[in-house]
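Chemist: Residue numbers (my numbering): 508 to 653. Attaching a single structure in structure tokens format; questions to follow.
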């Protein structure tokens, strides 16, 4: 959560053991891909300390996997009179979730789509891994390890 805020992201939700965040809204940013990737790398950098702190209690190292996708989404307050929240909807959001799930299949902790990778400067080395089709997404997507 702190790394999301540190890099100008919006923490949208916690669901189960996942965190959803977005960049580029409500304030537009030409650097949303850079900000999201900086936050992701900072999250990964925090893991050794967090893992050490929790190892005696949970008996397993703490780890996280991250999927990042860039694109258009419907963003705003969603819900009903009983419950609402600020968030994003659409294929862009759904694909980010699928990309995070692909980390387990590809054995890498952090994946970005081509649409994110092209928005990064050379200081963010990426490695193209594959071209995949995901569930409920019409177009195949290129995945890169950051």
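Just so you know, even glycine gets a beta-carbon here, dropped at the ideal spot from N, CA and C.
1) Considering only their Cβ atoms, is the gap separating residue 575 from residue 623 smaller than 8 Å?
2) Is DSSP giving residue 592 helix, strand or coil here?
3) Span of the beta strand (DSSP E) holding residue 620?
4) Report the rounded CA-to-CA distance for residue 591 versus residue 585, giving the unit in angstroms.
5) Identify which residue in 557, 543, 629, 597 has its Cα closest to the Cα of residue 573.
6) Beta carbon of residue 600, beta carbon of residue 580: below 8 Å?
7) What residue range is occupied by the uninterrupted beta strand (DSSP E) comprising residue 640?
8) By the DSSP assignment, the alpha helix (DSSP H) with residue 613 in it spans what residues?
9) Is any beta-carbon of chain C found at less than 8 Å from that of residue 562?
10) Contact defined as beta carbons within less than 8 Å: I believe residue 532 pairs with residue 518. What is the distance between those atoms, to the nearest angstrom?
11) By a C-beta neighbour count over all protein chains shown, 10 Å radius and 16 as the cutoff for buried, is residue 620 buried or exposed?
12) Which residues mark the beginning and the end of the alpha helix (DSSP H) in which residue 559 is found?
13) Buried or exposed: where does residue 562 fall if 16 or more other Cβ atoms within 10 Å of its Cβ makes it buried?
14) Which residues in the same chain as residue 569 place their Cβ atom closer than 7 Å to its Cβ, once the five residues preceding and following it in sequence are excluded?
Modeler: The relevant details are as follows:
1) Indexing the chain shown from 1 puts residue 623 at position 116. Indexing the chain shown from 1 puts residue 575 at position 68. Taking a C-beta distance under 8 Å as the contact criterion, residue 623 and residue 575 qualify as a contact pair.
2) Residue 592 sits at position 85 when you count from the first residue of the chain shown. Collapsing the DSSP output to three states places residue 592 in a strand.
3) Sequence index remark: in the chain shown, residue 620 carries index 113 (1-based). First-last of the beta strand (DSSP E) with residue 620: 617–620.
4) Counted from its first residue, the chain shown places residue 591 at position 84. Counted from its first residue, the chain shown places residue 585 at position 78. Cα atoms of residue 591 and residue 585: separation of roughly 5 Å, rounded to the nearest angstrom.
5) Looking up residue 573 in the chain shown gives position 66. Looking at 557, 543, 629, 597, the one whose alpha-carbon comes closest to that of residue 573 is 543.
6) The count along the chain shown starts at 1 and reaches residue 600 at position 93. The count along the chain shown starts at 1 and reaches residue 580 at position 73. In this structure, residue 600 places its C-beta atom within 8 Å of the C-beta atom of residue 580.
7) Taking the first residue of the chain shown as 1, we reach residue 640 at position 133. Looking at the DSSP string, residue 640 is not in any beta strand (DSSP E), and its letter there is neither H nor E.
8) For the purposes of this step, residue 613 is taken as the residue at position 106 of the chain shown. Per DSSP, residue 613 belongs to the alpha helix (DSSP H) from 598–613.
9) Protein chain content of the structure displayed is limited to a single chain, and chain C is not contained in it.
10) Numbered from 1 along the chain shown, position 25 holds the residue referred to as residue 532. Numbered from 1 along the chain shown, position 11 holds the residue referred to as residue 518. The Cβ separation is near 13 Å, so there is no contact.
11) Indexing the chain shown from 1 puts residue 620 at position 113. By the neighbour-count rule (16 or more Cβ atoms within 10 Å), residue 620 is buried.
12) Translated into the one-based positions of the chain shown, residue 559 becomes position 52. Its alpha helix (DSSP H) spans residues 539–565.
13) The residue labelled residue 562 in the question sits at position 55 within the chain shown. Counting C-beta atoms within 10 angstroms of its own C-beta, residue 562 has fewer than 16 neighbours from the protein chains shown and is therefore classed as exposed.
14) Counted from its first residue, the chain shown places residue 569 at position 62. For residue 569, the CB contacts under 7 Å within the same chain, skipping 5 residues up- and downstream, are 554, 557, 558, 561 in chain order.
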